[in-house]
């Protein structure tokens, strides 16, 4: 089993994840009793987890800058996220904790123990305040290692199935995982340059919150 993707494939997964996240948040804010929005939204985290693991392994030359950029936009996004979902940390923090977990394990493998161990435990502790808890970090971690070693795929499947602590959501999430495996862009999709996808996260939450205030 191989998750190798072309640049167009990655862009397609990115756009589907963005749209899925938007639909999920529209449902969460305006139609909380309609489950269909949330089922569609289950694709978002699977897609983002795959992209963050894939890009960190193959497409990121400056890994420090990659982590720093995620951290900055996670901080920017947290105030509006806190208003909409009190008591939780936004998904950018969870993606960042996934990367820190990968970094820590790789550093421990090199024989560096003390500092990476603190980072690892810190990442796992922070992830407890996200909507997916430790399973969100594990999905990113096992995506990363499954890209090169098939023996980690069962752990990836299990982590995805347990993401939402729901049988129905678990089945849908597994279906989306399989979709990502088979998904290939039928046409060339050019990469959107700059910070668009990072900015979209806090901007769409702010716009949805503004609409909610104006319509309430």
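Numbering (our numbering), first residue to last: 3 to 218.
Ideal placement from N, C-alpha and C gives every residue a C-beta, glycine not left out.
Since we're looking at a predicted model, the values are computed, not measured.
Between residue 7 and residue 199, which are expected to be in contact by the criterion C-beta below 8 angstroms, what is the C-beta distance as a whole number of angstroms?
For the purposes of this step, residue 7 is taken as residue 5 along the chain shown, with counting starting at 1. For the purposes of this step, residue 199 is taken as residue 197 along the chain shown, with counting starting at 1. Their Cβ separation, rounded to whole angstroms, is 16 angstroms, which puts residue 7 and residue 199 out of contact at 8 angstroms.
Under the rule that 16 or more other beta-carbon atoms within 10 Å means buried, what is residue 38, buried or exposed?
Mapped onto the chain shown, residue 38 falls at position 36. Flag for residue 38 reads exposed.
Expressed to the nearest angstrom, what Euclidean distance is found between the alpha-carbon atoms of residue 69 and residue 87?
In the chain shown, the residue the question calls residue 69 occupies position 67. In the chain shown, the residue the question calls residue 87 occupies position 85. Distance between the alpha carbons of residue 69 and residue 87 is about 24 angstroms.
Specify the secondary structure class of residue 169 as computed by DSSP and reduced to three states.
Against the chain shown, residue 169 aligns to sequence position 167. Helix, per DSSP.
With distances taken Cα to Cα, identify the nearest neighbour of residue 202 among 20, 85, 13.
Here residue 202 is taken as the residue at index 200 of the chain shown, counted from 1. For the residues 20, 85, 13, the minimum Cα distance to residue 202 belongs to 20.
DSSP state of residue 91, grouped into three classes?
What you label residue 91 is simply residue 89 of the chain shown in a count that begins at 1. Three-state DSSP puts residue 91 in coil, outside helix and strand.
Quick one, which of 112, 42, 160, 143 has its alpha-carbon nearest residue 25's?
Within the chain shown, the letter at position 23 stands for residue 25. The shortest C-alpha separation from residue 25 is found at 42.
Where do the N-terminal and C-terminal ends of the alpha helix (DSSP H) with residue 16 fall, by residue?
Residue mapping note: residue 16 aligns to position 14 of the chain shown, counting from 1. Here the alpha helix (DSSP H) through residue 16 covers 9 to 32.
Using alpha carbons as the reference points, say which of 95, 29, 90, 40 lies closest to residue 172.
Stepping through the chain shown from its first residue, residue 172 is reached at position 170. Nearest option by C-alpha distance: 40.
How about residue 138 and residue 96: do their beta carbons lie closer than 7 angstroms?
Counting from 1 along the chain shown, the entry for residue 138 is found at position 136. Counting from 1 along the chain shown, the entry for residue 96 is found at position 94. Against a cut-off of 7 angstroms, the Cβ pair of residue 96 and residue 138 comes out as a contact.
Starting from residue 65 and walking both ways along the alpha helix (DSSP H), at which residues does that stretch end?
Taking the first residue of the chain shown as position 1, residue 65 is located at position 63. Its alpha helix (DSSP H) spans residues 65 to 86.
Considering only the beta carbon of each residue, do residue 236 and residue 44 sit closer than 7 angstroms?
Because the chain in this structure spans residues 3 to 218, residue 236 falls outside the shown range and cannot be described.
So, helix, strand or coil for residue 109, using DSSP?
Along the chain shown, read from residue 1 onward, the residue named residue 109 stands at position 107. Helix at residue 109.
For residue 83, tell me which candidate among 208, 216, 217, 218 has the shortest Cα-Cα distance.
On the chain shown, residue 83 is found 81 positions in, with the first residue counted as 1. Ranking the options by Cα distance to residue 83, first place goes to 208.
Between the Cα of residue 23 and the Cα atoms of 215, 210, 214, 217, which residue gives the shortest distance?
The residue you call residue 23 lines up with position 21 of the chain shown. It is 210.
Only counting the same chain, and skipping five residues up and downstream in sequence, which positions put a Cβ closer than 7 angstroms to that of residue 143?
Reading the chain shown from its first residue, position 141 is the one you call residue 143. If we look at residue 143 and ignore the five residues flanking it on each side, its Cβ neighbours are 100, 103, 104.
Grab the span of the alpha helix (DSSP H) containing residue 201 for me, first residue to last.
Working through the chain shown from its first residue, we reach residue 201 at position 199. Here the alpha helix (DSSP H) through residue 201 covers 198 to 217.
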